[in-house]
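Colleague:
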Amino acid sequence: MNPYVLTILLSSLGLGTVLTFASSHWLLAWMGLEINTLAIIPIMARQHHPRAIEATTKYFLTQATAAAMILFASTTNAWLVGEWEIHQLSHPLATTTAMLALALKLGLAPVHFWLPEVLQGIELTTGLILSTWQKLAPFALMIQVAPTINSSLLITLGLLSTLVGGWGGLNQTQLRKILAYSSIAHLGWMVLILQFAPSLTLLSLLLYIIMTSSAFLALKTNNSLTINTLATSWTKAPALAALTTLVLLSLGGLPPLSGFMPKWLILQELTKQGLPLSATLAAMAALLSLYFYLRLCYAMALTIYPNTLTATAPWRLNFTHLTLPLSIVTILALGLLPLTPAVTAMLTS
Numbered sequence: 001m002n003p004y005v006l007t008i009l010l011s012s013l014g015l016g017t018v019l020t021f022a023s024s025h026w027l028l029a030w031m032g033l034e035i036n037t038l039a040i041i042p043i044m045a046r047q048h049h050p051r052a053i054e055a056t057t058k059y060f061l062t063q064a065t066a067a068a069m070i071l072f073a074s075t076t077n078a079w080l081v082g083e084w085e086i087h088q089l090s091h092p093l094a095t096t097t098a099m100l101a102l103a104l105k106l107g108l109a110p111v112h113f114w115l116p117e118v119l120q121g122i123e124l125t126t127g128l129i130l131s132t133w134q135k136l137a138p139f140a141l142m143i144q145v146a147p148t149i150n151s152s153l154l155i156t157l158g159l160l161s162t163l164v165g166g167w168g169g170l171n172q173t174q175l176r177k178i179l180a181y182s183s184i185a186h187l188g189w190m191v192l193i194l195q196f197a198p199s200l201t202l203l204s205l206l207l208y209i210i211m212t213s214s215a216f217l218a219l220k221t222n223n224s225l226t227i228n229t230l231a232t233s234w235t236k237a238p239a240l241a242a243l244t245t246l247v248l249l250s251l252g253g254l255p256p257l258s259g260f261m262p263k264w265l266i267l268q269e270l271t272k273q274g275l276p277l278s279a280t281l282a283a284m285a286a287l288l289s290l291y292f293y294l295r296l297c298y299a300m301a302l303t304i305y306p307n308t309l310t311a312t313a314p315w316r317l318n319f320t321h322l323t324l325p326l327s328i329v330t331i332l333a334l335g336l337l338p339l340t341p342a343v344t345a346m347l348t349s
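Using full-length UniProt numbering, you'd call the opening residue of the sequence shown number 1 and step up by one each time.
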């Protein structure tokens, strides 16, 4: 793609998100989301591959449907209540429709079916943008709308997403689909706590972006797309393979790593709010996710490259990739747990 065109598209992507962040009026927020969607579509379709075009079409139709639902919800609220402000969304029909539209934009269960298919059809760098940056604008709206939404709906969406994210990733062999189900599960954790502690949702989102960026960049550097090709990682770059294994365990939420912090704090908050059953279900669903992360770690660190595979074995890593962003996000994905007391002090102050 022409670098000038790519610069314009990435600038539009940033503009759309910032516009949604800065808006207090539904129409302005909707415009930001539309700019965001239209900017990423050419980036997704730049491969000119049938799978990429199919994924782009699916993404466009899904996002257009969600945008239409948001417009319908805001217009309904303006008609029934007389308010266009985002935080004045008060009618039950409008709040429920807006929440489901934002769930569709993010890929929360039960409206998650597009996300694994779309991620599978695009390349890893675009998948990284889709899994991180594209979640920011809908989350900004969701945080503003959350106080007026029925808490049972949010808890149901959250628990369903954690379960579907854990269950769906068990039988996958494609790494992009596994990361898509991982994304659904993490978003479920964020929505689960959204109404009780929005600051915890933001903390979870930040750590999710750091860990997912690290995972995507590591796979991009290794040039791995399936579990079978992960087995070559150890031969190509042992240090990177070891660190990627730790990043995957961090995504799973194992204690010595950064990923444990949000899960720990969310379970603690849910218990404080008198929701021990929800906390137990979320913790059990996290075990499902942990299983497929461990499966990836096993393939990466404990198996030998299969001779039956048709792909050629790339024995030497080609260091044409920019490794500084990977280094930074990997360090953050592994070493932030000791900062938990400082984070809790900031959240409570």
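Just so it is clear, CB atoms sit at the ideal spot from N, CA and C, and this is done for glycine as well.
Does the pairing of the stretch 215-230 with the stretch 281-294 give three or more beta-carbon distances under 8 Å?
Modeller: Result no; under three Cβ-Cβ pairs closer than 8 Å.
Colleague: Look at the Cβ atom of V164, then the Cβ atom of H112, and state whether they are nearer than 8 Å.
Modeller: Along the sequence shown, read from residue 1 onward, the residue named residue 164 stands at position 164. Along the sequence shown, read from residue 1 onward, the residue named residue 112 stands at position 112. For V164 and H112, yes; Cβs fall inside 8 Å.
Colleague: Out of L336, T65 and A22, state which residue places its alpha-carbon closest to the alpha-carbon of L206.
Modeller: The residue labelled residue 206 in the question sits at position 206 within the sequence shown. Answer by Cα proximity: L336.
Colleague: So, does the CB of T126 fall closer than 8 Å to a CB anywhere in chain D?
Modeller: No chain D appears in this structure, which consists of one protein chain only.
Colleague: How would you write the range of the alpha helix (DSSP H) that N36 sits in, first residue to last?
Modeller: Residue numbering aside, residue 36 sits at position 36 when the sequence shown is read from its first letter. Counting along the chain, the alpha helix (DSSP H) containing N36 begins and ends at W26 to M44.
Colleague: Count the other CB atoms, across all protein chains shown, that sit within 10 Å of the CB of T303; report buried if there are 16 or more and exposed otherwise.
Modeller: Sequence index remark: in the sequence shown, residue 303 carries index 303 (1-based). Flag for T303 reads exposed.
Colleague: Quick check on T232: does DSSP put it in helix, strand or coil?
Modeller: As a first step, residue 232 is located in the sequence shown; it is residue number 232 there, counting from the start. Coil, per DSSP.
Colleague: Who are the near neighbours of P198 in its chain, counting only those whose CB is closer than 8 Å to its CB and skipping five residues on each side?
Modeller: Start at 1 with the first residue of the sequence shown, and residue 198 comes out as number 198. Correct list, in chain order: I143 and A146.
Colleague: Name the residue from F60, A282, L179 and P325 whose alpha carbon lies nearest to the alpha carbon of K263.
Modeller: As a working note, residue 263 is residue 263 in the sequence shown. Per the Cα distances, A282.
Colleague: L160 to G188, Cα distance in whole Å?
Modeller: Locating residue 160 in the sequence shown gives position 160, counting from the first residue. Locating residue 188 in the sequence shown gives position 188, counting from the first residue. About 7 Å.
Colleague: Taking Cβ to Cβ, would you say T20 is nearer than 8 Å to A140?
Modeller: For the purposes of this step, residue 20 is taken as the residue at position 20 of the sequence shown. For the purposes of this step, residue 140 is taken as the residue at position 140 of the sequence shown. Taking 8 Å as the Cβ cut-off, T20 and A140 qualify as a contacting pair.
Colleague: Taking the continuous alpha helix (DSSP H) assigned at P85, which residues delimit it?
Modeller: Taking the first residue of the sequence shown as position 1, residue 85 is located at position 85. Checking the displayed sequence, the identity of residue 85 turns out to be Glu instead of Pro. No alpha helix (DSSP H) contains E85, which DSSP labels as neither H nor E.
Colleague: How should T7 be labelled, buried or exposed, when 16 other C-beta atoms within 10 angstroms of its C-beta is the threshold for buried?
Modeller: Within the sequence shown, numbered from 1, the residue matching residue 7 stands at position 7. That one is exposed.
Colleague: Looking at the secondary structure, which residues open and close the alpha helix (DSSP H) in which T17 lies?
Modeller: The residue labelled residue 17 in the question sits at position 17 within the sequence shown. Residue range P3 to A22 is occupied by the alpha helix (DSSP H) that includes T17.
Colleague: Using C-beta distances below 6 Å, list every residue in its chain close to A22, excluding the 5 sequence neighbours before and after it, in chain order.
Modeller: Translated into positions along the sequence shown, residue 22 becomes position 22. If we look at A22 and ignore the five residues flanking it on each side, it has no Cβ neighbours.
Colleague: So, at 8 Å on beta carbons, what are the nonlocal neighbours of V5 in its own chain, with the 5 sequence-adjacent residues on each side left out?
Modeller: Locating residue 5 in the sequence shown gives position 5, counting from the first residue. Hits under 8 Å: P42.
Colleague: Provide the residue span of the alpha helix (DSSP H) that contains F292, from first to last.
Modeller: Indexing the sequence shown from 1 puts residue 292 at position 292. Where F292 is concerned, the enclosing alpha helix (DSSP H) stretches over P276 to A301.
Colleague: Could you give the distance in angstroms between the alpha-carbon of L240 and the alpha-carbon of Q88?
Modeller: Reading the sequence shown from its first residue, position 240 is the one you call residue 240. Reading the sequence shown from its first residue, position 88 is the one you call residue 88. Between L240 and Q88, the C-alpha separation is close to 49 Å.
Colleague: Which of helix, strand or coil does DSSP assign to I172?
Modeller: By 1-based counting over the sequence shown, the position of residue 172 is 172. Residue 172 is actually Gln in this sequence, not Ile. Correct three-state label for Q172: coil.
Colleague: Report the partner residues of T226 according to the DSSP bridge assignment.
Modeller: Within the sequence shown, residue 226 is the residue found at index 226, counting from 1. Residue pairing by DSSP puts T226 in a beta bridge opposite Q174.
Colleague: Over what stretch of residues does the alpha helix (DSSP H) that includes F260 continue unbroken?
Modeller: Taking the first residue of the sequence shown as 1, we reach residue 260 at position 260. Per DSSP, F260 belongs to the alpha helix (DSSP H) from F260 to K272.
Colleague: Would G274 be called buried (16 or more neighbouring beta carbons within 10 Å of its own) or exposed?
Modeller: Your numbering for residue 274 matches position 274 in the sequence shown. Exposed.
Colleague: Is it true that the CB of T125 sits closer than 8 Å to the CB of residue 357?
Modeller: Because the chain in this structure spans residues 1 to 349, residue 357 falls outside the shown range and cannot be described.
Colleague: Please list the terminal residues of the continuous alpha helix (DSSP H) segment that includes I122.
Modeller: Counting from 1 along the sequence shown, the entry for residue 122 is found at position 122. Premise fails: I122 is in no alpha helix (DSSP H) and is neither H nor E.
Colleague: Quick check: the Cα distance between L249 and T212, rounded to an integer number of angstroms?
Modeller: In the sequence shown, residue 249 corresponds to position 249, counting from 1. In the sequence shown, residue 212 corresponds to position 212, counting from 1. Cα to Cα, the separation comes out at about 12 Å.
Colleague: What number of angstroms, rounded off, separates the C-alpha of P50 from the C-alpha of A286?
Modeller: Locating residue 50 in the sequence shown gives position 50, where the first residue counts as 1. Locating residue 286 in the sequence shown gives position 286, where the first residue counts as 1. Their backbone Cα atoms lie some 35 Å apart in a straight line.
Colleague: Given this structure, state the Cα-to-Cα distance separating A67 from T97, to the nearest angstrom.
Modeller: For the purposes of this step, residue 67 is taken as residue 67 along the sequence shown, with counting starting at 1. For the purposes of this step, residue 97 is taken as residue 97 along the sequence shown, with counting starting at 1. Straight-line spacing of the CA atoms in A67 and T97 works out to 11 Å.
Colleague: Using 8 Å as the threshold, is the C-beta distance between L104 and T148 below it?
Modeller: As a first step, residue 104 is located in the sequence shown; it is residue number 104 there, counting from the start. As a first step, residue 148 is located in the sequence shown; it is residue number 148 there, counting from the start. Remark: C-beta atoms of L104 and T148 do not approach each other more closely than 8 Å.
Colleague: To the nearest angstrom, how far is the alpha carbon of A55 from that of P325?
Modeller: Residue 55 sits at position 55 when you count from the first residue of the sequence shown. Residue 325 sits at position 325 when you count from the first residue of the sequence shown. If I take the Cα positions, the gap works out to 27 Å.
Colleague: Between which residues of its own chain and G252 is the CB-CB distance below 8 Å, once the five residues before and five after are set aside?
Modeller: Translated into the one-based positions of the sequence shown, residue 252 becomes position 252. For G252, where only same-chain residues beyond five positions count, the Cβ hits under 8 Å are G259, A286, S289, L290, Y293 and L294.
Colleague: How is the alpha helix (DSSP H) around S349 delimited, first residue to last?
Modeller: Position 349 of the sequence shown, counted from the first residue, corresponds to residue 349. Unbroken run through S349: none, as it is neither H nor E.
Colleague: Near P341, what residues of its chain come up, given a Cβ to Cβ distance below 7 Å and the 5 sequence neighbours on each side ignored?
Modeller: Here residue 341 refers to the residue found at position 341 when the sequence shown is read from its first residue. Hits under 7 Å: none found.
Colleague: So, G32 versus A101, is the Cβ gap smaller than 8 Å?
Modeller: Here residue 32 refers to the residue found at position 32 of the sequence shown. Here residue 101 refers to the residue found at position 101 of the sequence shown. No, they are not a contact pair.
Colleague: Answer with buried or exposed for W26, where buried requires no fewer than 16 other C-beta atoms within 10 angstroms of its C-beta.
Modeller: If you number the sequence shown from 1, residue 26 lands on position 26. That one is buried.
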